[in-house]
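Undergrad: Numbering of the sequence shown is given in my numbering, commencing with residue 7 and proceeding in unit increments.
No residue lacks a Cβ here, since even glycine has one placed at the ideal position from N, Cα and C.
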Amino acid sequence: MIRPKTIISICLIFTLSIVFTVDSLAVMSVDLGIEYMKIAIVKPGIPMEIVLNKESRRKTPVIVAIKGKDREFGEAAISRSSKIPSQSYMFLRELVGKSLDNPAVQQFLQRFPYYNLKTDPNTNELVFEHDSETNYTIEELLSMIFKKAREYASDFTEQSVDAAVITVPPYFTQAERRAIKRACELANIKLLQLMNDNTAVALNYGIFRRKDFNASGSTYLFYDMGSQSTVCTLATYNIVKSKENGYLEDVPQLTIKAVAFDRDLGGLEFQIRLRDYLAKKFQEHHPKIDIFKNAKALTKLFREAERAKNVLSANNEYTAQVEGLVDEIDFKHRITRENFENLCEDLFERVKRPVEEVLNTSGISLAEIQQVLLFGGSTRIPRVQ
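(1) Do the CB positions of residue 194 and residue 239 come within less than 9 Å of each other?
(2) Keeping to the same chain, check which residues put their C-beta closer than 6 Å to that of residue 375; ignore five residues upstream and five downstream.
(3) Indicate the three-state DSSP secondary structure (helix, strand or coil) for residue 204 in the structure shown.
(4) Give the straight-line distance between the Cα atoms of residue 405 and residue 307, rounded to the nearest whole angstrom.
(5) Quick check on the DSSP output: what are the complete beta strand (DSSP E) runs of length 3 or more inside the stretch 294-361, in order along the chain?
(6) How many whole angstroms separate the CB atoms of residue 356 and residue 268, which I take to be in contact at a CB cut-off of 8 Å?
(7) If I follow the unbroken beta strand (DSSP E) through residue 259, where does it start and stop?
(8) So what's residue 284 in DSSP terms, helix, strand or just coil?
(9) Go through its chain and collect everything with a Cβ distance to residue 199's Cβ below 6 Å, but skip five positions before and after it.
(10) Once you ignore the five residues that flank residue 65 on each side, which residues in its own chain have a CB closer than 6 Å to its CB?
(11) If I measure Cβ to Cβ from residue 296 and keep anything under 8 Å in the same chain, skipping five residues before and after, which residues do I get?
(12) Is it right to say residue 104 is buried, meaning 16 or more other beta carbons lie within 10 angstroms of its own, or is it exposed?
(13) What's the C-alpha gap between residue 373 and residue 305?
(14) Within 10 angstroms of its Cβ, does residue 234 collect 16 or more other Cβ (buried), or is it exposed?
(15) What did DSSP end up calling residue 3 once you bin it into helix, strand or coil?
(16) Using three-state DSSP, classify residue 387 as helix, strand or coil.
(17) Would you tell me roughly how many angstroms separate the C-alpha atoms of residue 79 and residue 70, rounded to the nearest one?
(18) Can you check which of these residues, 175, 62 and 55, is closest to residue 102 by C-alpha distance?
(19) With burial defined as no fewer than 16 other Cβ atoms inside 10 Å of the residue's Cβ, what is the status of residue 258: buried or exposed?
(20) Considering only C-alpha positions, which residue in the set 95, 390 and 369 is nearest to residue 263?
(21) Could you check whether residue 162 and residue 420 sit closer than 9 Å to each other, using their CB atoms as the reference points?
(22) Kindly confirm or deny that the stretch 127-135 and the stretch 143-153 touch, where touching means at least three C-beta pairs closer than 8 Å.
(23) Enumerate in chain order the residues of its own chain whose CB-to-CB distance from residue 333 is below 8 Å, with the five nearest sequence positions on each side excluded.
(24) So within the stretch 36-110, which uninterrupted beta strand (DSSP E) runs reach at least 3 residues, ignoring any that extend past its ends?
(25) Here's the rule I'm using: 16 or more other beta-carbon atoms within 10 Å means buried, otherwise exposed. How should residue 321 be labelled?
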């Protein structure tokens, strides 16, 4: 799918930063991915700073695990998820603003069959059935995560943070964007702007390379394969004359020529393929055990599949191991990069399509592109590169 081209003046970002700080001493930006988020802070007179979480890491898993009155977030929730998988809520971004019959919701349930998603008969909202007495909407769960993000930001700056700019995929519908806004309202966070994440990437790249651009323009291709989706953006930077304070000044300008995306091509699908492969290998040796109906075992294999995917991006083989996978039965299986690539052959065939789409839409050839820039953890997979 394609989005029409848009033009954004890079200097607008600096103007927005000044406006933001009028209403708030500090503004939080949240780069909201489906699996991880990154938090940054803008304060008056201070450049943007990356916020570290309590593990001193730049990125935090987007997950909340709830047991009784206890809530765990980030890495702690990941650890808890193997014990209470059906009450550890993750990959929420792709569920916002959707109904139960939406293909994305059905895909989620197919990938993670231990969750109980249903439609609330009173509100017609999509909800997780947490237990016999409690349901949570997607927005409620996201609001908990946004509150935790604000807590990290406030601790980092040692001051109150009540406003935010949040990135979302360019393919998000108005319903999905309204759901993000609603989650902010539930968290008592003032949403200043929803920014398309591909635009944010292109702006960030251009802001720090102003001297590299000229009036004739420079064209770059940004290829971003994240956990859930792939977005390809064709952008041109040039210098234009703008009247500032009565004088003509050179101002950098970003033009988004074309955007193409595949909503279902990302690291998560590669990981699911590996998880299911490992599960089938286990069942070959233990045919009486239906591991796909064992939520804890499936969660353990999901985490091991992530490790396998990461290792196979750098090495030719990996031995997957899970102690006590089911009924104290240990699991061990060697997998090669060739095995992995064969499992995902149809996915690799889709990698080039967003690139072909933006080139066809823009009329720009590969020879006119100064540089191809890869973003997102899944671009580390050798076949993707």
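TA: Taking the geometry as given:
(1) no
(2) 225 and 227
(3) helix
(4) Lying outside 7 to 391, the shown extent of the chain, residue 405 is not represented and no answer is given.
(5) 323-332 and 335-342
(6) Approximately 6 Å separates the beta-carbon atoms of residue 356 and residue 268; this is inside 8 Å, confirming the contact.
(7) 253-268
(8) helix
(9) 171
(10) 42 and 44
(11) 289
(12) Residue burial is scored here from C-beta neighbours: residue 104 has at least 16 other C-beta atoms within 10 angstroms and is therefore classed as buried.
(13) Spanning the two alpha carbons is a distance of roughly 45 Å.
(14) Buried: at least 16 other Cβ atoms inside 10 Å.
(15) As displayed, the chain neither begins before 7 nor continues past 391, which places residue 3 out of reach and without an answer.
(16) coil
(17) 5 Å
(18) Comparing alpha-carbon positions, the option among 175, 62 and 55 lying closest to residue 102 turns out to be 175.
(19) buried
(20) 369
(21) Because residue 420 is not part of the residues shown, which for the chain are 7 to 391, the question remains open.
(22) Taking one beta carbon from each stretch, the stretch 127-135 and the stretch 143-153 have 3 or more pairs nearer than 8 Å; the two touch.
(23) 295
(24) As summarised for the stretch 36-110, the continuous beta strand (DSSP E) elements at least 3 residues long and confined to that stretch are 42-49, 52-57, 65-67, 69-73, 76-79 and 94-96, given in chain order.
(25) Exposed, since its Cβ has fewer than 16 Cβ neighbours within 10 Å.
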